[in-house]
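Worksheet: one structure, shown below.
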Amino acid sequence: MLKGKSVLLGISGGIAAYKSAYLCSMLVKAGCDVQVIMTENATNFVGPATFEALTGHRTLTDTFDRNHEFSTEHVSVADKTDLVIIAPATANVLAKFAHGIADDMLTTTVLACDCLKIAAPAMNTRMYENPVTSDNLKTLKAYGWDILEPASGRLACGDVGKGRMPEPDVLFDAVVQAVSSPKDMTGLNVLVSAGPTREALDPVRFITNHSSGKMGYAIAGAAATRGAHVTLVSGPVAITPPADADIVSVESAQEMYNAVTDRAGKNDIIIMAAAVADYTPLHYSDQKIKKSDSDYSLELARTKDILKALGEIKEKNQTLCGFAMETENVLENARKKLISKKADIIAANTANGENTGFKTDTNILTLITKDNETTLPLMTKEECAHRLLDAILELRR
Ligand SMILES: Cc1cc2nc3c(=O)[nH]c(=O)nc-3n(C[C@H](O)[C@H](O)[C@H](O)COP(=O)(O)O)c2cc1C
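Residue numbers (numbering that gives the first Met the number 0): 0 to 396.
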């Protein structure tokens with residue numbers, strides 16, 4: 000994946016700079032052409048010669064160094080760079096990147112780069128949690144930077160808290176991830192629904208289904224990785240949401256309907272992957288329903304059809320994707336759903352396959368549009384998510 004990629008490894012003046020030598024070595028071993036640029040302050044922590052030995056290139060620090068091939072080396076380095084990773088990223092250098100300050104070789108070159116950029120902030124917890132730093136990180140995210148979450152633990156200054164640079168293998172994985180996922184959804188607002196709903200009968204009982212939320216969460220995570228602003232409307236699940244999505248937690252089908260339809264107008268792409276209850280108890284009992292010796296029957300009322308409602312209010316340039324989870328006549332039912340709900344694409348999957356449907360980490364999707372029908376092979380839900388997003392972007396072209 001990384002073979003032949005030109006990586007700019009930027010190192011600023013933090014105590015974690017020594018770890019970047021390992022990262023540098025891993026990138027070189029993976030076949031990357033690595034150019035290291037250090038801030039003047041970073042050279043107090045680790046010597047440029049270490050990186051020169053690892054990369055085979057002169058480590059750059061000085062924009063006005065006369066001893067090089069081109070007079071505008073910052074531009075020539077930026078031109079050939081496929082990916083920038085700043086590790087460690089000091090509070091100072093993050094502030095400069097966020098505000099377009101270009102007063103040394105690193106900040107000047109990065110400002111001239113229009114490729115993928117990753118920063119690994121590393122600093123004292125109070126520096127990290129300072130609202131100024133938080134705002135700078137938000138700004139960088141809005142400009143499309145990937146900001147890696149620092150780890151928590153004992154810091155070099157003796158404090159315990161958040162601010163440690165992740166280990167080199169985590170940084171390396173982030174580079175692999177960034178290279179394999181293009182930022183082709185930057186600027187798009189994406190709404191994803193996921194998980195089951197719970198329809199309460201009384202204060203202690205509810206009707207639900209087996210949805211784990213894994214498919215919808217994978218879609219939300221994939222869209223966020225590709226640069227989209229993601230809102231994830233989620234029923235109750237037991238999995239971790241993607242770090243970069245705005246989470247709206249709901250319980251019932253009615254709450255999901257309200258949360259989704261309220262936000263629909265602000266989104267370019269809407270993907271309904273939630274398993275929403277079709278029926279809800281007609282009457283809710285304020286008190287626990289007491290058991291008796293006789294049978295009990297429950298009257299159910301139809302819930303609101305969210306996908307249908309979205310199809311009716313769909314705006315021009317908005318792409319609507321529904322999911323069809325079936326146990327029989329999967330494709331036939333999915334094709335009908337595409338038309339009746341005025342959706343642009345339906346992802347059909349079966350509930351009763353061995354490695355597909357609810358709870359599993361894998362799935363087989365058939366993507367159905369008005370002109371096309373593609374059945375994907377068995378793959379992880381993350382891979383399914385990317386293939387579905389590829390298909391949606393193709394529709395929008
Ligand atoms: C021993 C020592 C360790 C430091 N560690 C960090 C750090 O981990 N993160 C950080 O943001 N600043 C750290 N600083 C402060 C920065 O070095 C300082 O803000 C400097 O101006 C950053 O310059 P640069 O961003 O151009 O590399 C440290 C300073 C010293 C003296």
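Built from N, CA and C at the ideal position, the CB exists for glycine as well.
query                                                                                                                                                                     : result
Can you tell me whether PRO195 is helix, strand or coil according to DSSP?                                                                                                : strand
Would you list the residues whose beta-carbon is nearer than 7 Å to any heavy atom of ligand 1, in the order they occur in the chain?                                     : SER11, GLY12, GLY13, ILE14, ALA15, THR38, GLU39, ASN40, ALA41, PRO87, THR89, ALA90, ASN91, VAL92, ASP103, ALA121, MET122, ASN123, MET126, ALA155
Using only the alpha-carbon positions, how far apart do GLU331 and SER24 sit?                                                                                             : 53 Å
Once DSSP output is grouped into helix, strand and coil, what is the label at LYS380?                                                                                     : helix
Does the beta-carbon of SER133 have 16 or more other beta-carbons within 10 angstroms, so that it is buried, or is it exposed?                                            : exposed
How long is the line joining the alpha carbons of MET108 and GLU166, rounded to whole angstroms?                                                                          : Rather than Met, the amino acid found at residue 108 in this sequence is Thr. One C-alpha to the other measures close to 25 Å.
Go to GLU417, then tell me how far its alpha helix (DSSP H) extends in each direction, as first and last residue.                                                         : Here the chain has residues from 0 to 396 only, and residue 417 is not among them.
Name the two residues that bound the continuous beta strand (DSSP E) containing PHE322.                                                                                   : 318-325
Specify whether the stretch 247-260 and the stretch 206-213 touch according to this definition: at least 3 beta carbon pairs, one from each stretch, less than 8 Å apart. : no
To the nearest angstrom, how far is the alpha carbon of GLU381 from that of TYR216?                                                                                       : 9 Å
Can you name the start and end residues of the beta strand (DSSP E) that ARG204 belongs to?                                                                               : 204-206
Relative to the C-alpha of ALA20, which residue among ILE85, ILE270, GLU72 is closest?                                                                                    : ILE85
Specify, as a first and last residue, the run of the alpha helix (DSSP H) that ILE408 falls within.                                                                       : Beyond the ends of the chain as shown, which are 0 and 396, falls residue 408; an answer cannot be given.
When the Cα atoms are used, what is the spatial distance from ASP245 to LYS95?                                                                                            : 27 Å
Looking at the unbroken alpha helix (DSSP H) that takes in ILE218, where does it start and where does it end?                                                             : 213-224
For a test of the three-state rule: what should DSSP assign to MET37, helix, strand or coil?                                                                              : strand
On the DSSP bridge list, what partners appear for GLY130?                                                                                                                 : Residue identity check: residue 130 is Pro in the sequence provided, not Gly. Answer is none; PRO130 lacks a bridge partner.
Using 10 angstroms around the beta-carbon of PRO376, count the other beta-carbons present and answer buried if the total reaches 16, otherwise exposed.                   : exposed
Would GLY160 and SER151 qualify as a contact pair, given that the criterion is a beta-carbon distance under 8 Å?                                                          : yes
Can you give the Cα-Cα distance for SER180 and ILE288, rounded to whole angstroms?                                                                                        : 51 Å
By how many angstroms is the C-alpha of SER233 removed from the C-alpha of ALA193?                                                                                        : 5 Å
With distance defined between alpha-carbon atoms, name the residue in ILE268, ASP145, SER284 nearest to THR224.                                                           : ASP145
State buried or exposed for ASN371, treating a residue as buried only when at least 16 other CB atoms are found within 10 Å of its CB.                                    : exposed
Which of the three DSSP states, helix, strand or coil, is assigned to ASP168?                                                                                             : helix
Could you work out which residue in GLU327, LEU281, SER293 is closest to ARG301 when comparing CA atoms only?                                                             : LEU281
Which residues in the same chain have their Cβ closer than 6 Å to the Cβ of THR374, if we skip the five residues on either side of it in sequence?                        : THR365
PRO149 and PRO195: beta carbons closer than 8 Å?                                                                                                                          : no
For PRO241, which of helix, strand or coil comes out of DSSP?                                                                                                             : coil
Which residue's Cα is closest to the Cα of ARG204: ALA141, ASP285, HIS98?                                                                                                 : ASP285
Pull up the CB-CB distance for LEU394 and ILE344, whole angstroms please, since I reckon it's below 8 Å.                                                                  : 6 Å
Quick check on DSSP: helix, strand or coil for SER24?                                                                                                                     : helix
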